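Just so we're aligned, residue 1004 is where the sequence shown starts under my numbering, counting upward by one.
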Amino acid sequence: MNLASWVERNGKRFGDEPALADGTRVHASWAQFAARTAAAAAGLSERLGLRPGDRVGIVMGNRPEYLEALWAVWHAGLVAVPVNARLHREEIAYVLEHSGTSVVLTDHEHAVDVTPLVAALERLTAAVLLPGPEWDRLTGSGPADLVDRAPDDAAWLFYTSGTTGRPKGATLTHRNLLMMSLSYFADIDPITPQDCVLHAAPLSHGAGLYGLPHVARGAVSVFPTSGGLDGTQLTTLLQRWPGMSLFAAPVMVKRLAADPALAGADLSPLKTVIYGGAPMYLADLEAALDVFGPRLAQIYGQGETPMTITALSKADHADREHPRWRDRMASVGFPRTDVEVRVVDEEGRELPAGELGEVVVRGEVVMAGYWEQPDASRQTLRDGWLHTGDVGSFDDDGYLTLRDRSKDLIISGGMNIYPREVEEALLSHPAVQAVAVVGRPDREWGEAVVAFVVAASGALPAVEDLDRTCLDRIARFKRPKEYRFVDRLPTNAYGKVLKRELRQQLQDGGAP
Ligand code: AMP
C-alpha cells in the first residue's frame, strides 16, 4: 500500500473541509490538497524525469507546502529525504549526497544554501523552489495516478540527528510508517476529522512523523504563522482549531509551560501534548502538568523505530494517586502495542526487571536498515532485534526507565554513574535552570564527573549548595568533582544537548 492513498481518498470524502492551515487561515481543503499532490507527482515524474524509488530531498522550514511536497513525493512512488533545515550547509550536502538525492525541494529561506548544491553534487540535478512559480508549474501538471508501492518499499530516509557521529539514514518503509500510525491510535489517541495537529517542531523529525496519523484520519494540519510558537499564538490557534494535538521536545514544553500567556488560559480545546525525543526531568514535568493538566503523553522512540518503543499515556500522567506515580513519571512508559521491547545484557540475554541493560526492540515498525550502510545496519539490527544504544531497566509493572545512552555512561573509580541521575538531582535546586553531566578523563579515578550548569536568572548557586543537593539525593561518589557555570548548553538542531562537545571542551582544557 502507498501511504499517499490516504490523501487521495480524503480528497473525495472530505472535499471542502480544511486539510492544511496557515495560522488561523485555511491554506487548502482536502480536495485541493489531494489535487495538488497528484498534480505535483505528475510534475516530478514527467517534467523532472523521476522514477519510483528515486530520492527527493526536502529542505524547508515548516509551512503547508511542506506537506504538499511530502505527499506528492509518495504519490509518485518516490522516497522522501526530509533534511533538518537548521543543519549547516555542509551537513545538508552530506545528507543529499549520501542518499543519492536527484531533486531537492526547498524554500526561499534555504535556497542560498541548497541551490548551489546542484552544481556541486553529482547526482543532484535540480532544486525546486516553493512556494513560487516553479512549484505552481509542477502543481499545474497532471494529475498522476497513484503509484503502487509494496509494504517494504522505502518511503522516508530519516537521517538521525547525530548526537553521536555522522548522521545515518534510517530507511523507513511504507509498512513501518503504517504501523507507526496505527499504533498511535492504539496507544496515544484516537483521531477524528474534527481534530487537528499543530506543527510546532521541525517536520523533518518527530513532528513530521506524527503528522501522518492525523493525515490518515482527515484531521487538519495547522502551521504556526511565525517559526516559533509562544503561548499567545497557541491560545489564538486553540480558539480557531479545537481538538488540537502537538508534538514538542521537552525543552519546548518547559518553555510553553512557563509562558505567562498560558497561565489561567482556557486550554479546553487542547487535546494532547506529546513530548519525547529527550529526557524530561521530573521537576519540569510537574510544572508542565500544573499548566496543561492531564493532556501530556510521553513517547520514547528513535528514527530507527519511528516514535515507537514505549509511551507514558495521558492516563498514566493523570493517575497522581498511584503509589508509584513519581517513578512512572520518571520512566518512559510501557511498551507500545506493535513492538516487543527487552532489556538485554552484552550477550543479548534478556534481563529481569530491575536490572540495567541495553534496550532492544522488535516489530513491524523497525526500520529496514541504514541506507547504504550495511555494516552499521548489521551492528544495529542483530538477530531480528534493533539495538537502540539506550540503557534502561523495566520495573515489575513493565514500565521502562532509561538511565542513559550507553555512550554517556561515566565510569569513575570502577563505579558506573548514569549522568541522568546526577542531572535530576541538580535540577531539583531552584537556582539551576539546565544542566548536563559528562565524564572527564582523570588519572586517579579513570573518569571524573563534571556538571555544566546554567543558572536560573538571578544568583549563581553556590557550589556547596549544589554539593549538598546531590548528597541529599544520590550516592557521594556520583557527586560532580567540578562545576562549570555556562550561559547555555550546546544543542543540536533538535534541542538535544551535545555532550560530545562538552567532553571535547574538557579534553581541550578550554573555557566553556
Ligand atoms: P532520534 O533518533 O534523533 O530521535 O534520537 C533517539 C534517541 O533520543 C533515543 O535513542 C533516546 O536516547 C532519546 N529519546 C527519545 N525519546 C526519549 C524519551 N522519551 N526520553 C528520553 N530519551 C529519549
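All C-beta atoms, glycine included, are put in the ideal place defined by N, C-alpha and C. These numbers come from a predicted model, not from an experiment.
Segment limits, alpha helix (DSSP H) that includes residue i
i	result
P1377	P1377 to T1383
T1142	P1136 to T1142
D1116	H1111 to V1117
I1095	R1092 to H1101
T1176	Segment G1172 to T1176 is the beta strand (DSSP E) holding T1176; no alpha helix (DSSP H) there.
D1287	L1285 to F1295
Q1236	G1234 to R1243
E1427	P1422 to L1430
Reference residue i; option with closest CA among the options
i	options	result
W1159	F1188, R1381, D1399 and A1072	A1072
E1100	G1080, A1123, T1109 and V1150	A1123
R1298	E1289, Q1305, L1429 and L1474	E1289
R1016	A1219, G1351 and Q1376	A1219
A1356	S1271, R1385, V1062 and G1401	G1401
G1372	T1104, A1173, L1023 and P1245	A1173
L1273	C1199, A1189 and L1215	C1199
V1435	D1411, T1472 and P1170	T1472
V1086	S1102, W1077 and I1191	S1102
V1425	L1405, A1454, D1399 and T1228	A1454
H1078	D1190, D1378 and R1054	R1054
R1446	A1462, I1420 and G1416	G1416
D1399	T1340, E1375, P1377 and G1336	G1336
D1057	T1104, A1129, A1031 and F1036	T1104
R1482	T1228, A1428 and P1136	A1428
R1039	P1067, V1500, R1126 and V1059	P1067
T1176	A1264, W1374, V1254 and T1163	W1374
A1153	N1005, T1163 and L1120	N1005
G1064	V1276, L1206 and L1120	L1206
L1081	P1134, K1317 and A1041	A1041
V1254	A1281, Q1236 and L1270	A1281
D1190	T1383, Y1486 and T1340	T1340
L1354	S1380, Q1376, S1396 and V1131	S1396
Span separating the alpha-carbon of residue i from that of residue j
i	j	result
H1432	A1045	58 Å
A1096	V1117	8 Å
S1008	L1149	7 Å
P1338	S1186	11 Å
P1140	M1182	The displayed chain sequence assigns Arg, not Pro, to residue 1140. Going from the Cα of R1140 to the Cα of M1182 covers about 34 Å.
R1423	V1457	16 Å
K1484	A1459	21 Å
G1296	G1211	25 Å
R1012	Y1303	31 Å
A1478	Q1305	31 Å
F1161	E1467	45 Å
D1233	L1259	6 Å
D1110	L1292	37 Å
W1448	F1480	11 Å
P1326	D1287	20 Å
A1437	R1406	18 Å
T1167	G1018	The predicted position of T1167 is uncertain, since its pLDDT is 47 and thus under 50; a value taken from the coordinates is nonetheless stated next. T1167 and G1018: Cα-Cα distance of roughly 45 Å.
L1070	A1022	10 Å
H1320	W1328	8 Å
I1414	P1216	42 Å
E1093	A1157	25 Å
T1128	A1462	55 Å
V1369	A1333	25 Å
G1209	P1193	18 Å
P1515	L1492	Any reading at P1515 needs caution, since the residue's pLDDT is 41, under 50, leaving its predicted position unreliable; the model's value is listed next. P1515 and L1492: Cα-Cα distance of roughly 9 Å.
H1202	S1248	9 Å
T1404	D1348	16 Å
A1266	V1256	14 Å
T1238	A1496	26 Å
A1261	P1464	21 Å
P1227	L1474	44 Å
M1283	S1316	15 Å
W1138	V1010	19 Å
V1076	G1060	10 Å
D1393	S1229	35 Å
Opening and closing residue of the beta strand (DSSP E) in which residue i lies
i	result
M976	The structure shown does not extend to residue 976, since the chain is modelled only from 1004 to 1515, so the question has no answer here.
K1499	Element bounds for K1499: n/a, residue is neither H nor E.
E1485	E1485 to F1488
Q1436	V1435 to D1445
K1274	L1273 to G1279
Q1305	L1299 to Q1305
S1415	I1413 to S1415
P1085	V1082 to P1085
8 Å Cβ cutoff, residue i in contact with chain D
i	result
L1120	Absence of chain D from the displayed structure is noted, only one protein chain being present.
- So, do the segment 1437-1452 and the segment 1495-1506 have three or more beta carbon pairs nearer to each other than 8 Å? The segment 1437-1452 is in contact with the segment 1495-1506.
- Are the segment 1352-1367 and the segment 1381-1389 in contact at 8 Å, needing three or more beta carbon pairs? Short answer: they touch.
- Give a yes or no on contact between the segment 1235-1251 and the segment 1026-1036, applying the rule of three or more CB pairs nearer than 8 Å. With a cut-off of 8 Å, the segment 1026-1036 and the segment 1235-1251 count as touching, because enough Cβ pairs lie within range.
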